[in-house]
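Counting along the sequence shown from 1, when you hit position 54 you're at 80 in the working numbering, and nothing is skipped either side.
Every residue gets a Cβ at the ideal spot worked out from N, C-alpha and C, and that includes glycine.
Computed from a predicted model, the values in this text were never measured in an experiment.
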Amino acid sequence: MIILGIDPGFERMGCAVLEKSPGGEKLIYSTCLVSSRSDAHEKRLLGLAEGLKKIIKKFNPDTMAIEKLFFSANQKTALKVAEARGVALLLAAENDLKVFEFTPLEVKMAMTGYGRAEKDQVRKMVLAILKINTDKKFASSSGKLDDEIDAIAIALACLPDRQSCQVKKL
Numbered sequence: 027m028i029i030l031g032i033d034p035g036f037e038r039m040g041c042a043v044l045e046k047s048p049g050g051e052k053l054i055y056s057t058c059l060v061s062s063r064s065d066a067h068e069k070r071l072l073g074l075a076e077g078l079k080k081i082i083k084k085f086n087p088d089t090m091a092i093e094k095l096f097f098s099a100n101q102k103t104a105l106k107v108a109e110a111r112g113v114a115l116l117l118a119a120e121n122d123l124k125v126f127e128f129t130p131l132e133v134k135m136a137m138t139g140y141g142r143a144e145k146d147q148v149r150k151m152v153l154a155i156l157k158i159n160t161d162k163k164f165a166s167s168s169g170k171l172d173d174e175i176d177a178i179a180i181a182l183a184c185l186p187d188r189q190s191c192q193v194k195k196l
């Protein structure tokens, strides 16, 4: 089972590829796709789509785990995130990926056993589960770390031993 975890965002989209085998979970790849503020709105979405297409082509996942949107006081931000999420879901449909959706609370619950866990607690559990001794591997630049870790946590939440997943029919 190869899972593509997505932390949707318009400016930064966290992406992680995990492999589940009888020996356990293995992080194959993670990155943060960044859209340039100087580009037109539609070009930014296109850039995110092109980045995701490359990841899907290279790693050939069979499953996508993606964070559900939750209520946001900032409607403008929520709409942009919804558009980026739509790009990811479209690519999932085009590539016949099974889609699993998780709320932030469900991801935190799967990672820590507590739905209101702090980001640092989730990060520590992600590193422990994957047996990564340091998070320097993710320190490509500020802001990206959280998005990558979130994408990894979302992918891990999809594993059958973390919780039961409900597949979304596209």
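Beta-carbon proximity of residue i to residue j, cut-off 7 Å
i     : j      : result
Gly35 : Ala118 : no
Ala91 : Ile29  : yes
Ser64 : Ile178 : no
Residue i classed as buried or exposed, judged by whether at least 16 other C-beta atoms fall within 10 angstroms
i      : result
Thr89  : buried
Pro48  : exposed
Ala154 : exposed
Ala183 : buried
Glu127 : buried
Alpha-carbon to alpha-carbon, residue j and residue i
i      : j      : result
Phe215 : Ala143 : Absent from the model: residue 215. The displayed extent of the chain is 27 to 196, so no value can be given.
Ile180 : Ile158 : 17 Å
Leu105 : Glu93  : 15 Å
Gly40  : Ile32  : 6 Å
Asn121 : Glu37  : 24 Å
Val43  : Lys80  : 12 Å
Cβ of residue i within 7 Å of any chain C Cβ
i     : result
Ala99 : The structure shown contains no chain C, having only a single protein chain.
Residue(s) in a DSSP beta bridge with residue i
i     : result
Met42 : A small fix is needed here, since residue 42 is Ala in this sequence, not Met. Note: Ala42 sits in a beta bridge opposite Gly31, Ser56.
Met90 : Leu30, Val125
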